[in-house]
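Under UniProt numbering, the first residue of the sequence shown is numbered 1, with each subsequent residue one higher.
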Amino acid sequence: METLTATIIGPLAALTAALFWALATLLYSQAGSYLSAAQLNLVKGIVACPLLVLAGWFTGQLLAIEGNLATYLLLASGVIGITLGDTLYFAALRRLGPWHTMLLEYLAPPFAALLAWILLAQGMRWFEVVAALVIISGIFVVISEKPKSAERVQLNMSGIAAGVGAALCQALGLVMSFHALQEFEMSPLNAALLRLLAGTFALTIALLLLKPSLIQSTRSALRHTSIPWLLVAIVMGTFLAIWLQQTAIAYINPGLAQTLLATAPLWLIPIQWLRGQPLSARSIVGALIAVGGIALLFGIQ
């Protein structure tokens, strides 16, 4: 039964989280167009935190927060992965669009492998180094594509930097969260709640100190935002996706979990096709190269 859980529930949770994040990214790019990256990050945290509390209460998994190492690791991973990582992600989304932003998430698996080697003393083998280079090559195949028309998003260094930073923060947060879940007993739901609470609280404090005008203007920006679509995006991309993410890394190793979570751009291919949007051969080839590198990185044992 335990083996069945690890081999089915963990991967299924990661793949479902990737699908939800792909769908939410498209919705965020439309519904959140009047919100800045920080505002969108703040709103999703304010909405999703109560939902996680309610889910914990209804399922009987809501526990008192203990001052142990796991709690501090999860709180810190929330600040890194959510306050910083998600803000950078939304910044990249506004500058690059959903397709290129999500493809930059392919950098998270090699980042996670490198961080695991540095922080958890898990050395990289030769094929892991090769795989990381293949993944990065796939990324550059995609982001080096020249726009064919004025309607296409113009790639820019600030957007690319934001996307790379988001992937790095995501990888670090995942490694810290994995260590906490493996070393201490804690449900994935509580882990998700701790991370999101820490991320939302830290972002609120940072905005109050550095740019309080953003908080004041959020209500005005929401008046020009499609609230129903924004709520659907938050439920799928934050409430459900972060819960599923923590479930995945509770049952499978972070390498495999990050690999499956990185399949979100692949879900975009049929989604974009169903929406009647053509996909360039270069983007598809670059995505397949990156997927091949990810498979090599964590598929050879």
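We put the CB at the ideal spot given by N, CA and C, even for glycine. From a predicted model like this one, the values you see are computed outputs, not experimental measurements.
Residue i in three-state terms, based on DSSP
| i | result |
| --- | --- |
| PHE105 | First, the amino acid is wrong: residue 105 is Glu here, not Phe. Reduced to three states, the DSSP call for GLU105 is helix. |
| PRO50 | helix |
| TYR34 | coil |
| HIS224 | coil |
| residue 303 | Coverage of the chain is limited to positions 1 through 301, which leaves residue 303 absent and any answer about it impossible. |
| ALA150 | Residue placement at ALA150 is poorly supported in this model, since its pLDDT is 39, which falls under 50; the coordinates are not used for a value here. |
| PRO278 | coil |
| GLY286 | helix |
| GLY292 | helix |
| ALA206 | helix |
| THR263 | coil |
| GLN61 | coil |
| VAL232 | helix |
| LEU155 | coil |
| LYS211 | coil |
Option in the options with minimal Cα separation from residue i
| i | options | result |
| --- | --- | --- |
| GLN182 | LEU296, LEU69, ALA48 | LEU69 |
| ALA202 | TRP243, ALA38, VAL164, SER226 | ALA38 |
| GLY10 | GLU105, PRO254, PRO109, LEU133 | PRO254 |
| LEU120 | LEU244, ALA180, ALA250 | ALA180 |
| SER77 | THR101, ILE8, PRO270, ALA192 | ALA192 |
| TRP57 | SER187, ILE252, SER226, TRP117 | SER187 |
| GLN169 | LEU114, LEU12, LEU62, ILE227 | Here the sequence assigns Cys to residue 169, which means Gln is not the residue at that position. Here the closest residue by C-alpha is LEU114. |
| TYR72 | ARG195, LEU19, SER220 | ARG195 |
| ILE80 | GLY165, ILE234, PRO270 | GLY165 |
| LEU12 | TYR251, GLN216, GLU185, ARG282 | TYR251 |
| residue 313 | ALA55, THR101, GLU105 | Here the chain comprises residues numbered 1 to 301, so residue 313 is not present and cannot be evaluated. |
| LEU84 | GLN272, ARG282, ALA206 | ALA206 |
| ARG282 | HIS100, ALA55, GLY60, LEU19 | HIS100 |
Residue i and residue j closer than 8 Å at C-beta
| i | j | result |
| --- | --- | --- |
| GLN246 | ALA171 | no |
| LEU174 | LEU52 | no |
| GLY159 | LEU214 | no |
| ALA262 | PRO50 | no |
| LEU93 | SER29 | yes |
| LYS44 | THR238 | yes |
| LEU88 | ALA162 | yes |
| ILE294 | THR200 | no |
| ILE289 | SER137 | yes |
| residue 307 | LEU244 | An answer regarding residue 307 cannot be provided, because it is not within the stretch 1 to 301 covered by the chain. |
| ALA24 | ALA248 | no |
| PRO265 | LEU103 | yes |
| ASP86 | ASN41 | yes |
| VAL134 | LEU296 | yes |
8 Å contact criterion, which residue i and residue j should meet: CB distance rounded
| i | j | result |
| --- | --- | --- |
| TRP21 | ALA241 | 5 Å |
| LEU35 | TRP229 | Between TRP229 and LEU35 the Cβ distance is about 12 Å, and since that is not below 8 Å, they are no contact. |
| LEU74 | SER177 | 6 Å |
| ALA167 | PHE111 | 6 Å |
| LEU274 | PRO98 | So it is not a contact: roughly 14 Å between Cβ atoms. |
Where the alpha helix (DSSP H) containing residue i begins and where it ends
| i | result |
| --- | --- |
| ILE242 | 241-251 |
| ALA92 | 85-96 |
| ALA70 | 69-78 |
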